[in-house]
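A.B. asks: Numbering (my numbering), first residue to last: 1155 to 1295.
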Amino acid sequence: MTLYTYLRFNGECREAFEFYRSVFGGELELMTFGDGPEDMPVPEGERDLVMHVSYPIGSSVLMGSDTPSWSPEPTQPGNNFAISCMPESREETDELFAKVSEGGVVTMPLEEMFWGAYFGACTDKFGINWQFNHDLPPQSG
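1. Roughly how many angstroms lie between the CA atoms of Met1155 and Ala1236, to the nearest whole one?
2. Let me make sure I understand the geometry here. Which of Val1207, Met1185 and Pro1210 has the alpha-carbon closest to that of Asp1201?
3. Is it true that the CB of Leu1182 sits closer than 8 Å to the CB of Val1207?
4. Check whether the Cβ atoms of Met1240 and Tyr1158 sit closer than 8 Å, and answer yes or no.
5. Is the distance from the Cβ of Val1254 to the Cβ of Trp1284 below 8 Å?
6. Using three-state DSSP, classify Glu1242 as helix, strand or coil.
7. Rounded to whole angstroms, what's the CA-CA distance from Phe1268 to Leu1203? Just pull it up for me.
8. Do Gly1270 and Asp1248 have their beta-carbon atoms positioned less than 8 Å apart in this structure?
9. Straight-line CA distance for Asn1233 to Gly1281?
10. Would you give the residue range spanned by the beta strand (DSSP E) that Arg1201 belongs to?
11. So, with DSSP's three-state summary, where would you put Gln1163?
Following this line, the structure appears as structure tokens:
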């Protein structure tokens, strides 16, 4: 299992990660909301917002995204980061998610996502945001 830091922004994600890249060097892997599936309803003015960025720094990875207007919770100091947990199996993901979310709030139930992962999010009983992402094996066909 691996833990990463996930940062949330209000439209400044690309600018922030370009700044981090100017400090640490390296390359960004970036996807905008406009790069998402065609059936994802994205307002025209938000297509260039960052849906996900992954930035390796040494042996760590810093990840982030912008918060779109349709998000149920606006991003503000205190909820603008999460611990992103990458379990090695679906079973481990289910087990860890259940334990971490106990006494807290499930903000996105675990489900298979379009990017090929089993993903869910919660806030633990101490107010810390967590994301669980298990990469699913590629589907043949």
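A virtual CB, placed ideally from N, CA and C, is assigned to each residue, including glycine.
C.D. replies: To lay it out plainly:
1. Cα atoms of Met1155 and Ala1236: separation of roughly 16 Å, rounded to the nearest angstrom.
2. First, the residue type needs correcting, since residue 1201 is Arg and not Asp in the sequence shown. Residue Met1185 is the option with its Cα nearest to Arg1201.
3. In this structure, Leu1182 lies closer than 8 Å to Val1207 by Cβ.
4. In contact: Met1240 and Tyr1158 (Cβ atoms closer than 8 Å).
5. Contact: yes.
6. Glu1242: coil per DSSP, three-state reduction.
7. If you take the alpha carbons of Phe1268 and Leu1203, they lie about 18 Å apart.
8. Between Asp1248 and Gly1270, the gap from beta carbon to beta carbon reaches 8 Å or more.
9. CA-CA distance, Asn1233 to Gly1281, rounds to 9 Å.
10. Counting along the chain, no beta strand (DSSP E) covers Arg1201, and no H or E run does either.
11. Position check: residue 1163 holds Phe in this sequence, whereas Gln was assumed. Reduced to three states, the DSSP call for Phe1163 is strand.
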